[in-house]
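Protein chains in written order, with the numbering used here: chain A, 114 to 176; chain B, 286 to 660.
Following: one structure in structure tokens, then a few remarks.
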Amino acid sequence: MEEKIDFEKELKSLEEIASKMEIESISLDEAIKLYEKGIAITKKIEVALADAKRKVEEVIEIK
Amino acid sequence: MERVVYSVNDINKYIKNVLTTDESLKYIYVKGEISNFKKAVTGHLYFSLKDDDSLINAIMFNNYASKLTDEFKSGDEVVVLASIDTYVPRGTYQLFIYEMHLEGKGSILEKIEKLKKQLAKEGLFDESRKRKINLYPNNIGIITAKNSAAIKDLVFNINRRYPLANIYFFPSSVQGENAPKELLEAFNKSQSYPLDTLIIGRGGGANEDLNAFNDEALVRAVATSKMPVISAVGHEIDSTLLDFVVDKRASTPTAAAELATVDIREIEQKISYILTDMGNKINGYLDDISLKIEDYYQDFKSILLNKVNNYELRLIGEKKRLNALNPLNILERGYALIEDESSHIVTSVNDININQTMVAHLKDGKLVSVIKEKR
């Protein structure tokens, strides 16, 4: 089952999370929440990437 | 009364006697134009002598002919020394020739030469007047003798080469007194038909048999033909005036058919070559396209893999960054994170005061305590 994700969008979200976490005044709880969110997005992207890779292999092998 | 009945032989013998004993028919000079000249293997010469009004057969045996210093042929104007002789079995008479000399050109030929010059002067023979023949004719007209080898040849060859052509036949005598008139009538008739090409001709014949095609009225008329004309007056060397005034001349009816049409077999061959060429070209294009598609496949492959790899790299980058920021990392090492009552992070002793509550986050939980003293 593949989920169509917008790689650009997701990667941007990751960047934003990281930026937010770098702000010193952020609370620990917030930081942890952001971190967990970031990990989730990372996983999402990893799965989609694996799918994309597999699809590319399929397509280019068709002759 | 008893009537006298003679046999044919009696009559012929009598005539022979009359003619051969008449001194005024012996050793006389006669002038005329040679026609139908034949030289036998034996060396005997057989021909006719003629003028504008009449003709007489002539013979010159080898014993006299071998003494001749000139070569003779039909059309030659000659003077002969001869006697009248008869051939009883056939009831014919002829000139028995002892001597023969050339006397300038035959008058008939002279007339033709004169006419030829005149017509040339009028421009009727000009190359610029000659039209191209449509080799894919819808309708071909033929003027020649009925039941002749010429018409059979023409029809056979035209049908063989280009069966699409319709043939219109305008029969006419091609020799003899009436020929010029009939040829002219046939020609005039042909002009009202939608012909692409007109063929006028006859099979091969001795020189004077072609004379109808020297007729002035006929030649002048043909020069005005609505459609291109091919002359097919089969002859050895000489031309008739018609040959000069037509758009194309052929030496035989078969040659005329070839001048008048394409040969469909050639067309079929050409088509075959063209189809083969087309096939080869198309195959060539297909091969080119195959190669191009091959290239594109390679390009697409690279592009897709590149994109995926790029995202992967970025992801790895972000993961590293994220990990580095993991607030809990540092706690694993035994460090504590201090927060005040309002959950602000305390990074300096000045951020919090004595008696205030602080929360210390350790890797496995929180410790709440009150500040006793600062140092």
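Just so you know, even glycine gets a beta-carbon here, dropped at the ideal spot from N, CA and C.
It should be emphasised that the depicted structure is a prediction, and the values quoted were computed from it without experimental measurement.
Is it buried or exposed for residue 369 of chain B, if we count other Cβ within 10 angstroms and need 16 for buried? Residue mapping note: residue 369 of chain B aligns to position 84 of the second sequence, counting from 1. It counts as buried.
Tell me the start and end of each unbroken alpha helix (DSSP H) in the segment 446-483 of chain B that is at least 4 residues and wholly inside, in chain order. 464-475
Using the Cα positions of residue 611 of chain B and residue 633 of chain B, report the straight-line distance between them to the nearest angstrom. On the second sequence, position 326 is the one that residue 611 of chain B refers to. On the second sequence, position 348 is the one that residue 633 of chain B refers to. Taking the straight line from one Cα to the other gives about 21 Å.
Tell me the DSSP secondary structure of residue 179 of chain A in three-state form. The question about residue 179 of chain A has no answer, for chain A in this structure spans 114 to 176.
Would the beta-carbon of residue 316 of chain B fall within 9 Å of that of residue 365 of chain B? Against the second sequence, residue 316 of chain B aligns to sequence position 31. Against the second sequence, residue 365 of chain B aligns to sequence position 80. Cβ atoms of residue 316 of chain B and residue 365 of chain B: closer than 9 Å.
Just the Cα atoms here: how many angstroms apart are residue 405 of chain B and residue 509 of chain B? By 1-based counting over the second sequence, the position of residue 405 of chain B is 120. By 1-based counting over the second sequence, the position of residue 509 of chain B is 224. Taking the straight line from one Cα to the other gives about 15 Å.
Anticipated Cβ contact below 8 Å, residue 456 of chain B with residue 431 of chain B, distance rounded: Against the second sequence, residue 456 of chain B aligns to sequence position 171. Against the second sequence, residue 431 of chain B aligns to sequence position 146. Between residue 431 of chain B and residue 456 of chain B the Cβ distance is about 4 Å, and since that is below 8 Å, they are a contact.
Ordered along the chain, which non-local residues of its own chain (more than five positions away) have a Cβ less than 6 Å from that of residue 534 of chain B? For the purposes of this step, residue 534 of chain B is taken as the residue at position 249 of the second sequence. For residue 534 of chain B, where only same-chain residues beyond five positions count, the Cβ hits under 6 Å are 516 and 528.
Can you give me the start and stop residues for the alpha helix (DSSP H) that residue 338 of chain B sits inside? Translated into positions along the second sequence, residue 338 of chain B becomes position 53. Here residue 338 of chain B belongs to no alpha helix (DSSP H), and DSSP marks it neither H nor E.
Looking at C-beta atoms only, is the number of pairs between the segment 622-639 of chain B and the segment 585-605 of chain B that lie closer than 8 Å three or more? no
Exposure of residue 563 of chain B, with buried meaning 16 or more beta-carbon neighbours within 10 Å: Here residue 563 of chain B corresponds to residue number 278 of the second sequence, with the count starting at 1. Exposed is the call here.
Per-residue DSSP class, three states only, for residue 359 of chain B: What you label residue 359 of chain B is simply residue 74 of the second sequence in a count that begins at 1. Of the three classes helix, strand and coil, the one that applies to residue 359 of chain B here is coil, per DSSP.
Which residues bound the alpha helix (DSSP H) around residue 587 of chain B? Position 302 of the second sequence, counting from 1, holds the residue named residue 587 of chain B. Run containing residue 587 of chain B: 549-610, per the alpha helix (DSSP H) assignment.
Which chain A residues are close to residue 628 of chain B, counting only those with a beta carbon under 8 Å from its beta carbon? Within the second sequence, the letter at position 343 stands for residue 628 of chain B. What residue 628 of chain B touches in chain A: 140, 141 and 142.
Check the C-beta distance from residue 343 of chain B over to residue 380 of chain B and give it rounded, since I have them as a contact under 8 Å. Translated into positions along the second sequence, residue 343 of chain B becomes position 58. Translated into positions along the second sequence, residue 380 of chain B becomes position 95. Their Cβ separation, rounded to whole angstroms, is 4 Å, which keeps residue 343 of chain B and residue 380 of chain B in contact under 8 Å.
Counting only beta-carbon separations shorter than 9 Å, does residue 130 of chain A have a partner in chain B? As a first step, residue 130 of chain A is located in the first sequence; it is residue number 17 there, counting from the start. Yes, contact with chain B.
Taking Cβ-Cβ distances shorter than 7 Å, what residues in chain E pair up with residue 593 of chain B? In the structure shown, chain E cannot be found, because the protein chains are A and B.
Does the beta-carbon of residue 482 of chain B have 16 or more other beta-carbons within 10 angstroms, so that it is buried, or is it exposed? One-based indexing of the second sequence puts residue 482 of chain B at position 197. Residue 482 of chain B comes out buried.
Name the chain A residues that come within less than 7 Å of residue 544 of chain B, Cβ to Cβ? For the purposes of this step, residue 544 of chain B is taken as the residue at position 259 of the second sequence. Neighbours of residue 544 of chain B on chain A: none; closest Cβ ~59 Å, over 7 Å.
Would you say residue 485 of chain B and residue 507 of chain B are within 9 Å of each other, going by their C-beta atoms? Taking the second sequence and counting its residues from 1, one reaches residue 485 of chain B at position 200. Taking the second sequence and counting its residues from 1, one reaches residue 507 of chain B at position 222. Yes. Within cutoff.
Once you ignore the five residues that flank residue 644 of chain B on each side, which residues in its own chain have a CB closer than 6 Å to its CB? By 1-based counting over the second sequence, the position of residue 644 of chain B is 359. So the qualifying residues of the chain are 624, 651 and 653.
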